[in-house]
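Residue numbers (the working numbering): 41 to 476. Virtual Cβ for every residue (Gly too), placed ideally from N, Cα, C. Note that the structure is predicted; figures quoted are calculated from it, not measured.
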Ligand SMILES: Cc1cc2nc3c(=O)[nH]c(=O)nc-3n(C[C@H](O)[C@H](O)[C@H](O)COP(=O)(O)OP(=O)(O)OC[C@H]3O[C@@H](n4cnc5c(N)ncnc54)[C@H](O)[C@@H]3O)c2cc1C
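Structure (structure tokens):
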């Protein structure tokens, strides 16, 4: 393995609270040098695991999964753990692009996926701190009319289940005067994402679907009417290949790479706060707010607070991340200004230009399943399952997404444009803030 490759693969998950609190890591057998299979899934994030699990649940077990690092190494094992409906693209934009009927069907794939996650956690007894507590969208801008409209749109047009929570009530639940009213997505939940990913990998492994870790795929070539997937010495000959590499596409120069912008976001976990935390955050909700670059946070079972936020195209160093996140946290909860952060980490989200998942065959038998951006827990489950249905049952619903194809993001120029756009949107939010 080259040094550059090793650096990409080993990048920085070490200081995540998820790694430290994971009870039993997944240990895989090492990959044999030669394997023949029907389906080879590349990437053991939620997308790859959802596709493999969907195949397994349909009785299709001639599958292998290969992962460059460890299971959940990418965004899936580092994220905020919010499990809620929708995509990175807003539902309103989805309606403009698809019409209300198809947009509702597409949105409901994700709410069905929330239910599917809930069902898998129960069925496979996945020990992943699943909290069926709902997700609160707290308004930063004092726009009750806009919030009421949003709720009506979500409930009537998308078939969602959102509740309006007036400021007087929200302020009794969250000890801050930073927010105005809120919308509670009652069917949403949150969990320990690395434990969930690890749990799914164990289910697959027990079912005879191997998940090979430390197996970075560096080439995929045609082999007659099959595909040859190479990871060092390891060679997998497969009828079909599924590329599910998220924002971690640097290793493999394949087509999806040109269509993904790797965008960073950050999380820290505080020291234990047994006295303070229950006074500041009473419900077990996961919370985010109505800005473009919102804060997201949730209480953890060991009385710490997980706090995430910020988006950039380059990773600053850990000290800078910590400083910024602590300032964000103190702005909402001044009482936390002096608490320590015990864990700080970053992760890459894979963003396409159109902000929608990309699923399809770029050549016969070569599938891509990627582009979930910052809103991927439920969508990876939904679209991974669509892909499993496409392969095993010839289900054509994946074609609902054909408009969202592998459009080039124009490499470095695309990253600069994205950063400029983020600064613009953040500045606009700053000027709209009634408490600035
Ligand atoms: C910090 C952070 C917080 C987030 N919070 C939330 C949240 O609370 N809720 C939500 O819905 N979404 C959230 N997201 C987004 C969500 O985590 C992602 O959209 C989702 O996990 C993407 O899953 P994936 O499987 O497509 O990609 P990943 O999880 O990134 O998985 C891709 C995998 O492919 C592997 N891989 C790459 N190249 C190769 C190769 N050549 N060979 C073998 N393996 C390879 C990688 O190692 C990686 O494990 C967050 C993202 C981040 C980074």
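Member of the options whose CA lies at the smallest distance from the CA of residue i
i: residue 324; options: 345, 305, 107, 333; result: 345
i: residue 203; options: 214, 215, 222, 185; result: 222
i: residue 405; options: 123, 212, 262, 230; result: 262
i: residue 457; options: 443, 117, 393, 401; result: 393
i: residue 147; options: 396, 253, 449, 463; result: 396
i: residue 162; options: 439, 243, 73, 256; result: 243
i: residue 441; options: 401, 164, 389; result: 401
i: residue 60; options: 466, 342, 463; result: 342
i: residue 339; options: 109, 174, 167, 126; result: 174
i: residue 246; options: 96, 476, 403; result: 96
i: residue 226; options: 403, 176, 260, 187; result: 176
i: residue 250; options: 189, 77, 334, 273; result: 77
i: residue 334; options: 467, 58, 108, 139; result: 467
Separation of residue j from residue i, as counted between CA atoms
i: residue 337; j: residue 320; result: 12 Å
i: residue 482; j: residue 264; result: Since the first residue of the chain shown is 41 and the last is 476, residue 482 is not available in this structure.
i: residue 398; j: residue 131; result: 17 Å
i: residue 128; j: residue 134; result: 10 Å
i: residue 332; j: residue 248; result: 43 Å
i: residue 365; j: residue 101; result: 44 Å
i: residue 328; j: residue 219; result: 11 Å
i: residue 208; j: residue 170; result: 29 Å
i: residue 200; j: residue 123; result: 14 Å
i: residue 377; j: residue 217; result: 15 Å
i: residue 191; j: residue 224; result: 9 Å
i: residue 228; j: residue 373; result: 24 Å
i: residue 182; j: residue 474; result: 7 Å
i: residue 141; j: residue 79; result: 33 Å
i: residue 464; j: residue 290; result: 28 Å
i: residue 196; j: residue 185; result: 16 Å
i: residue 472; j: residue 103; result: 51 Å
i: residue 455; j: residue 391; result: 10 Å
i: residue 462; j: residue 69; result: 43 Å
i: residue 421; j: residue 389; result: 16 Å
i: residue 213; j: residue 437; result: 41 Å
i: residue 151; j: residue 379; result: 36 Å
i: residue 452; j: residue 154; result: 35 Å
i: residue 187; j: residue 193; result: 10 Å
i: residue 189; j: residue 313; result: 37 Å
i: residue 460; j: residue 273; result: 43 Å
Cβ pair residue i, residue j closer than 9 Å
i: residue 106; j: residue 271; result: yes
i: residue 423; j: residue 409; result: yes
i: residue 381; j: residue 311; result: yes
i: residue 426; j: residue 156; result: no
i: residue 111; j: residue 238; result: yes
i: residue 432; j: residue 98; result: yes
i: residue 82; j: residue 316; result: no
i: residue 232; j: residue 326; result: no
i: residue 305; j: residue 350; result: yes
i: residue 253; j: residue 412; result: no
i: residue 255; j: residue 71; result: yes
i: residue 198; j: residue 144; result: yes
i: residue 296; j: residue 283; result: yes
i: residue 180; j: residue 281; result: no
i: residue 443; j: residue 137; result: yes
i: residue 215; j: residue 367; result: no
Cβ-based neighbour list, residue i, same chain, cut-off 7 Å, excluding 5 preceding and 5 following
i: residue 266; result: 277, 278, 279
i: residue 384; result: 55, 308, 358, 361, 362
i: residue 210; result: 178, 219, 221, 222
i: residue 206; result: 221
i: residue 168; result: 161, 231, 232, 235, 236, 239
i: residue 415; result: 126, 127, 128
i: residue 91; result: 81, 282, 284, 409, 424, 427, 428
Residues near residue i by beta carbon distance below 6 Å, same chain, minus five either side
i: residue 348; result: 120, 307, 336
i: residue 114; result: 85, 286, 288
i: residue 240; result: 89, 93
i: residue 387; result: 115, 118
i: residue 448; result: 298
i: residue 469; result: 331, 332
i: residue 419; result: 127, 150, 397, 412
Neighbourhood of residue i by C-beta, 8 Å cutoff - its chain only, sequence neighbours within 5 removed
i: residue 435; result: 426, 429
i: residue 275; result: 73, 74, 75, 268, 269
i: residue 64; result: 238
Original post:
At which residue ranges does the segment 54–135 contain complete alpha helix (DSSP H) runs of 4 or more residues, listed in the order of the chain?
Top reply: 57–61, 86–97
**OP:** Ignoring anything shorter than 4 residues or poking outside the segment 122–197, list the alpha helix (DSSP H) runs there in chain order.
**Re:** 131–163, 184–192
Subject >> alpha helix (DSSP H) segments (min. 4 residues) lying fully within the segment 404–433 >> reply: 417–433
Original post:
In the segment 269–325, which residue ranges form an unbroken alpha helix (DSSP H) of at least 4 residues, counting only runs that do not cross its ends?
Top reply: 316–320
**OP:** Enumerate, from N- to C-terminal direction, the unbroken alpha helix (DSSP H) stretches of 4 or more residues contained entirely within the segment 191–240.
**Re:** 207–213
Subject >> beta strand (DSSP E) runs wholly inside the segment 374–405, at least 3 long, in chain order >> reply: 381–391, 398–403
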